[in-house]
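By my numbering, the letter at position 93 of the sequence shown is numbered 126, and the numbering carries on one by one without gaps. In this text, a Cβ means the ideal position worked out from N, Cα and C, and glycines have one as well.
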Amino acid sequence: MIGILIKAMDRLNAFVKYVLGLALIVMSIVTVLQVFCRFVLHASLPWSEELTRYLMVYIGFWGTGYAMRHNLLMRVDVVEQFLPKKHEVAYLLLLNLFLIFIFICVGWAGMNMYLGGYRQVSAALRMPMAYVYFSIPSGAVLMILNTLAGLHERITPKTASGSGEKIPS
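As structure tokens, then:
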């Protein structure tokens, strides 16, 4: 059962990685277009700065969710280095439960912003701010799911491909 959930997270992360790359490309093109329009044509695009800011928000929240799974975030691991191996699993559980609690708080606050965002409209794009605020709870869900998947992979003994034997460490 856990293996199916891990594989589902892998597929979801592949999709998220694709969306993040696409958002980065769009953001780069819009920024170059804005610079061209401003300095060559002497006319700015009123929506470009807003679009790039909102794409950056999604990249931040969804990218953090993706990075949680692959242990790509910067961290201080002094405690983990000096901790005896027998306490490593307990430490990882405690640390990840704390992170999940923080992500739940962030997601809860983001959900409240999202629900209230339909009454607000962005200045240049004239779209409901709920679309932008959705990045917070959706990113928090990605962070929680990827934290759980990453924790499972870190505390579960590695086995040889399907043989059930532990891989020597």
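Residue environment: Arg-71 is assigned as exposed (fewer than 16 neighbouring CB atoms within 10 Å of its CB, all protein chains considered). Inter-residue distance for Ser-61 and Ala-123 is about 43 angstroms (C-alpha atoms, whole angstroms). Here Val-73 carries a coil assignment [DSSP, helix/strand/coil]. The distance from the Cβ of Ile-37 to that of Ala-182 is about 12 angstroms, inconsistent with a contact at the 8 angstroms cut-off. Going by beta carbons, Ile-177 and Phe-136 fall inside the 8 angstroms limit. Under a 10 Å Cβ-count criterion, Gly-149 is classified as exposed, with fewer than 16 other Cβ atoms of the shown protein chains found around its own Cβ. Spatial neighbours of Ile-188 in its own chain (CB-CB distance under 7 angstroms, excluding positions within 5 residues in sequence) are listed in chain order as Val-122, Leu-125. At the C-beta level, Met-42 and Arg-86 stay beyond 8 angstroms of one another.
The three-state secondary structure of Pro-79, taken from DSSP, is coil.
Sequence-distant partners of Met-146 (beyond 5 residues in either direction) whose C-beta falls short of 7 angstroms from its own C-beta, in its chain, are Tyr-166, Ile-169. Between Gly-98 and Gly-172, the gap from beta carbon to beta carbon is short of 8 angstroms. When the five nearest sequence neighbours on each side are left out, the beta carbons in the same chain lying within less than 6 angstroms of the beta carbon of Pro-79 are those of Ala-157, in order along the chain. For Ser-77 against Val-63, the beta-carbon gap comes to about 12 angstroms, at or over 8 angstroms, which does not count as contact. Listed in chain order, the alpha helix (DSSP H) elements of length 4 or more contained wholly in the region 131-194 are 163-166, 168-188.
The beta carbon of Tyr-151 sits closer than 6 angstroms to those of Pro-161, Ala-163, all from its chain and outside the five residues before and after it, given in chain order. Distance from the CA atom of Lys-191 to the CA atom of Ile-92, rounded to whole angstroms, is 32 angstroms.
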